[in-house]
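Numbering (our numbering), first residue to last: 329 to 607.
Idealized CB from N, CA, C, for every residue including glycine.
Everything numeric in this text was worked out from a predicted model, so none of it was measured.
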Amino acid sequence: MRHGNVTDLAEAPAEPSKIVVQGVSLRYAGATSLARSNLALDDVSLHVADGEFIAIVGPSGCGKSSLLRLVSGLLAASSGQIRVGGKTVQGVHHSIGFLFQSDALLPWKTALENVAIGAVLGGRGQDEARDRARVLLQEIGLGGALDKYPSELSGGMRKRVALSRTMAYEPDVFLFDEPFSALDAQTRIHVGNRFLRILENLKQTVIFVTHDIDEAIALADRVVVMTAAPGRIAAEFRIDLPRPRDYYQSRLAPGFSEFQGQIWEVLRHEMQGVLGHER
Ligand SMILES: Nc1ncnc2c1ncn2[C@@H]1O[C@H](COP(=O)(O)OP(=O)(O)O)[C@@H](O)[C@H]1O
Ligand SMILES: [Mg+2]
């Protein structure tokens, strides 16, 4: 495994969870818009098992993106600890791949070249990287667009290229921050299904942030609901719907609407807090 700037905890006991967030708080220096002082996250603890897919939902501004930035090492916690694969996170490292709302493809590179960059960053040689990129793009249904530039692709196609680039990196852990929120409903179903097929096969550890409860239930093994700012964990729901799932059809499965109702109940309570505060 490649671990860049990750500290080795040789004396630490065997780690049962792939991702451990332990008593993490985050203060942004100089922030004034936060509800209570400048606290964005307040004593958040979260364990994610190896191969588990969790989704995080919560009111806007509750700290979901901040939490992902902490796990990715882009940001350091004010207090508490984060471990990935048993090692304390200190700075960005190669064991983690992320995909954010904006796809950030290089406009002067083709789809194939954009994906190959991910494989090169993941440690592959140039030729191998291109082969890997070709396979990944074929898998996600873009075999006919390998030599197209981002400006020649639709939003859904660009999203699939960006997703393939993250895959090409071969991380141990995937972090997704509302990756499909900019897509229209139909494209989202199409891309969401491709995404589910690939991730269900990979069986990698995933944290997926979304504001869409239905999306969270359709994708995840467990849905974690956060409180309004400063973010804490409000509730967790184990989603025992059978796999493989369909991004859209699984919403019609028995049990889905019960999860929807229970999660919405927690969120509604949190949103009331937010709206009440603004009044
Ligand atoms: N770089 C930053 N500097 C100061 N405050 C920030 C910064 N990034 C986010 N915040 C604040 O931290 C809180 C949590 O933000 P964020 O993690 O983006 O929430 P979410 O992703 O749940 O919408 C918000 O109040 C936001 O304004
Ligand atoms: Mg966010």
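The count of Cβ pairs closer than 8 Å, one atom from the segment 547-557 and one from the segment 489-503, stays below three, leaving the stretches out of contact. E506 and I535 have their C-alpha atoms some 11 Å from each other. Remark: the shortest separation between the CB of K415 and any heavy atom of ligand 2 does not fall under 6 Å.
In chain order, L369, D370, D371, V372, M554 place their CB closer than 8 Å to the CB of R560, counting only its own chain and leaving out the 5 sequence neighbours on each side. In the DSSP annotation of this structure, the continuous segment of the alpha helix (DSSP H) that includes G520 starts and ends at 513-530. Rounded to whole angstroms, the separation of the alpha carbons of V420 and L402 is 6 Å. With at least 16 other beta carbons inside 10 angstroms of its own, G391 counts as buried.
Using a 10 angstroms sphere on the CB of L503, the tally of other CB atoms reaches 16 or more, which defines it as buried. Shown here, K392 sits in a helix according to DSSP, grouped into three states. The three-state secondary structure of H375, taken from DSSP, is strand. When the beta-carbon positions are compared, V537 and L396 come within less than 7 Å of each other.
Contact between L433 and S394 is absent: CB atoms are separated by about 25 Å, not below the 8 Å threshold. Put simply, the backbone Cα of A563 is about 23 Å away from that of N366. Membership of I384 in the beta strand (DSSP E) is indicated by the continuous run 381-385. Between A496 and G446, the gap from beta carbon to beta carbon is short of 7 Å. When secondary structure is reduced to three states using DSSP, Q600 falls in the helix class. Between K476 and G483, the alpha-carbon positions lie close to 13 Å from each other. The beta carbon of G450 sits closer than 6 Å to the beta carbons of Y497, E498 from its chain, once the five residues preceding and following it are set aside; these are given in chain order. Cβ neighbours of I567 within its own chain (closer than 7 Å, five residues either side excluded): I545, A548, D549, R550, V551, F587.
The beta carbons of A556 and P435 sit no closer together than 7 Å.
Taking the Cα of E543 as reference, the smallest distance to any Cα among L524, L470, S400, Q409 is reached at L524.
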